[in-house]
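Per my numbering, the sequence shown runs over residues 80 to 186.
Ideal Cβ positions, reconstructed from N, Cα and C, are used throughout, including at glycine.
Predicted model, so just to flag it, every value in this text is computed and none were measured.
This report concerns only the one structure given below.
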Amino acid sequence: LKEDDVTFAHNSQYGLQGNNRPKIRLMLARITDYVETQSGQNSCYQEYIKYDIEHIWANRPELHDKEFDHEYDFQEYRDRIGGLLLLPPKRNKDFSNKSYEDKLEDY
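This is the structure we're talking about:
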């Protein structure tokens, strides 16, 4: 990642949209792997690319109606790169549509 000339400076809203799920998964895998290897851990990139993308916020806009005026705004924030992480498929399904507070301990 150090060699990449890619930043979010011009696109702070980058995230899931249309059919870019595979690209987002690879980006999250690279970021996670970079942080871990720079922390002295072994690379797990080959495992991470098999993981599912998890939304930190449950798809329940009614829980955030004080923060967002419109459901569209909620969905846009929910899909941003900073609101996503990778989890093994079974673990992701276990979370289903739980709130962030319910998921936090397991993250």
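Can you say whether Lys129 is buried or exposed, counting buried as having 16 or more other CB atoms within 10 angstroms of its CB? So Lys129 counts as exposed.
Please say whether Asn98 and Ala137 have beta carbons closer to each other than 7 Å? Taking 7 Å as the Cβ cut-off, Ala137 and Asn98 do not qualify as a contacting pair.
For Tyr156, which residues from the same chain have a beta carbon less than 8 Å from its beta carbon, with the 5 sequence-adjacent residues on both sides left out? Correct list, in chain order: Trp136, Phe147 and Gly162.
I believe Thr111 touches Tyr127 by the beta-carbon criterion, under 8 Å. Please report the beta-carbon distance rounded to the nearest angstrom. About 6 Å separates the two Cβ atoms, so the contact holds.
Taking 7 Å as the cut-off, decide whether the C-beta atoms of Leu107 and Leu165 are in contact. In this structure, Leu165 lies closer than 7 Å to Leu107 by Cβ.
Separation of His143 from Ile132, as counted between CA atoms: For Ile132 and His143, the gap between their C-alpha atoms comes out near 21 Å.
How many angstroms separate the CA atom of Ser122 from the CA atom of Pro101? The straight-line gap from Cα to Cα measures roughly 20 Å.
Once DSSP output is grouped into helix, strand and coil, what is the label at Asp181? Secondary structure of Asp181 (DSSP, three-state): helix.
From the DSSP output, in three-state form, read off His143 for me. Helix at His143.
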